[in-house]
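S.K.: So for the sequence shown, the working numbering puts the first residue at 6; every next one is plus one.
Sending over a structure as structure tokens; questions will come in a sec.
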Amino acid sequence: MTTEAVARWRLRSLLLTPPQRSSAAAVATHFGAMQAQDLASGLWSFGSRLPELSREDICTQVNRRELLRTWTQRGTLHFVAAQDARWLLATCGRRHHRRSRRQQLGITDAQADRAAEILQDSLCGNRSLSRREVAQLLQERGVDATGQRLYHLLLHTALSGLTCYGPIVDDEQSIVLLAEWAPQQREFTGDAALGELARRYFRSHGPASRADFAHWAGFGHRDAGVGIAVAAAGLKTVECDGRELLLDPATEAGPATGHVNVVAPYDEFLLGYADRSAAVAEDKTGAVMPGGGVFRAIVVRDGVAFGTWRRSVREDFVSVEVSLLWTPDSQTLDRMECAFERYGAFLNRTVRLRIR
6 MTTEAVARWR LRSLLLTPPQ RSSAAAVATH FGAMQAQDLA SGLWSFGSRL
56 PELSREDICT QVNRRELLRT WTQRGTLHFV AAQDARWLLA TCGRRHHRRS
106 RRQQLGITDA QADRAAEILQ DSLCGNRSLS RREVAQLLQE RGVDATGQRL
156 YHLLLHTALS GLTCYGPIVD DEQSIVLLAE WAPQQREFTG DAALGELARR
206 YFRSHGPASR ADFAHWAGFG HRDAGVGIAV AAAGLKTVEC DGRELLLDPA
256 TEAGPATGHV NVVAPYDEFL LGYADRSAAV AEDKTGAVMP GGGVFRAIVV
306 RDGVAFGTWR RSVREDFVSV EVSLLWTPDS QTLDRMECAF ERYGAFLNRT
356 VRLRIR
């Protein structure tokens, strides 16, 4: 398989070309988990895959308890289908329970447990609190939640399966009890959970390598190998430039049509892989991934980045500036403008586009 075919095949796996799903929960279930440390970017990751839905529509689905955010993979917030939260936390999330970092911040186990008790009591009865309200509550109850301490206390309660991010109120996602927000849970344990994770990963990211899967899941190659072995009957192996890649044979690459996508920063399009060379030319890597954990929003043609973009949202319009990595043809630029019009419709705003 050529690198170009890998890039196009991934577009289909990543649901960035038809056929697409009908709801955000269906998209999240397809992926297993979608990186979303930034709420606005996470919502557009759904919007870019659900062309008929607006930001308000996605928020409504979140508030109907179909989705939640929690720290499933690599110690990073991800959107997941509400029914998948517990098995993903058990399989991936708790590997990153950062007791050592809490100790560096002076948070004792007793303080972390006390914070959990306070939140259990205060959120019980389907109540929710903003981050600011949680910080104030913990301070009032004698638990220091200043600075980075609040983040690590919330991480502790989330990885323990107590809390998660639930309803979106005033552009902020509030904290709730996981047991109340998502009482019905799918059950996968042990090797079966590793196999389910592998099946979903290669279905949503393939063609991808074993190393890509281990990177995305946030665990070692042994567990990655177990998951792949369990899921092997539903996977196909292909070779690209001497590398062995796995994919779901039910998906297939479309032809090179010049399809253009506006991709969110921190989207699975890049973050779902250890090796991103199929999507970003080697000499453009610094422009897209400048370092320090930064992944810029990108514009993609046939699965390959040709520009980065940033936005500034105003009351009735969104200003978008595109920095081209190379100069595409006029048809690609026209398609890019149409793709950004879709982004504006998602936000219920007109787009003012500037290209440089």
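Glycine included, every Cβ here is placed at the ideal spot set by N, Cα and C.
Please read all numbers here as calculations on a predicted model, not as lab measurements.
At what residues does the beta strand (DSSP E) containing glycine 263 begin and finish?
M.R.: Unbroken run through glycine 263: none, as it is neither H nor E.
S.K.: Would you mind reading off the limits of the alpha helix (DSSP H) that contains glutamate 122?
M.R.: That run of the alpha helix (DSSP H) goes 114-128.
S.K.: For the beta strand (DSSP E) containing glycine 171, name the first residue and the last one.
M.R.: First-last of the beta strand (DSSP E) with glycine 171: 168-174.
S.K.: Please say whether valine 356 and phenylalanine 322 have beta carbons closer to each other than 8 Å?
M.R.: Contact: yes.
S.K.: Pick from Gly291, Gln189, Gly130, Ala213: whose alpha carbon is nearest that of serine 18?
M.R.: Here the closest residue by C-alpha is Ala213.
S.K.: Are the beta-carbon atoms of aspartate 89 and glycine 37 separated by less than 8 Å?
M.R.: Yes.
S.K.: Report the residue from Ile233, Leu199, Asp43, Leu73 whose alpha carbon sits nearest the alpha carbon of valine 32.
M.R.: The candidate whose alpha carbon is nearest that of valine 32 is Leu73.
S.K.: Over the uninterrupted beta strand (DSSP E) stretch that includes valine 139, give me the two end residues.
M.R.: Not the beta strand (DSSP E): valine 139 falls in the alpha helix (DSSP H), residues 136-145.
S.K.: On the three-state DSSP scale, how would you describe methionine 39?
M.R.: Residue state, collapsed to three classes: strand.
S.K.: Which parts of the segment 207-255 are runs of the beta strand (DSSP E), unbroken and 3 residues or longer, counting only runs that do not cross its ends?
M.R.: Counting only runs of 3 or more, we get 241-245, 248-252.
S.K.: For serine 133, which of Leu183, Asp307, Pro56 has the nearest alpha-carbon?
M.R.: The shortest Cα separation from serine 133 among Leu183, Asp307, Pro56 belongs to Leu183.
S.K.: By DSSP's criteria, glycine 296 is part of a beta bridge. Which residues make up the other side?
M.R.: Beta-bridge pairing links glycine 296 to Val299.
S.K.: Suppose you measure from the CA of aspartate 288 to the CA of arginine 119; what does that come to, to the nearest Å?
M.R.: Each residue's alpha carbon lies about 50 Å from the other.
S.K.: Express the C-alpha separation of arginine 100 and arginine 107 in angstroms, rounding to a whole number.
M.R.: C-alpha separation (whole angstroms): 15 Å.
S.K.: Under 8 Å by Cβ, that's how I've got glycine 200 and alanine 255 pegged, so tell me the actual separation to the nearest angstrom.
M.R.: Incorrect: roughly 17 Å between the Cβ atoms, too far for contact.
S.K.: Cβ of aspartate 307 within 8 Å of Cβ of aspartate 217?
M.R.: No. Outside cutoff.
S.K.: Taking 6 Å as the limit between beta carbons, can you name the residues of its chain near leucine 352, skipping five residues before and five after?
M.R.: Cβ within range, chain order: Arg60, Val323.
S.K.: If you follow the beta strand (DSSP E) that glutamine 190 is part of, which residue opens it and which one closes it?
M.R.: Here glutamine 190 belongs to no beta strand (DSSP E), and DSSP marks it neither H nor E.
S.K.: Determine the closest residue to aspartate 43 out of Arg54, Arg26, His83, Glu71, with distance taken between C-alpha atoms.
M.R.: Per the Cα distances, His83.
S.K.: When you compare each of Thr65, Arg361, Gly166, Cys343 to tryptophan 314 by their alpha carbons, which one comes out closest?
M.R.: Here the closest residue by C-alpha is Arg361.
S.K.: Would you mind sorting serine 27 into buried or exposed? The rule is 16 or more other CB atoms within 10 Å of its CB.
M.R.: Serine 27 is exposed by the Cβ-count criterion.
S.K.: Determine the closest residue to alanine 41 out of Asp272, Ser282, Gly277, with distance taken between C-alpha atoms.
M.R.: Among Asp272, Ser282, Gly277, the Cα nearest to that of alanine 41 belongs to Asp272.
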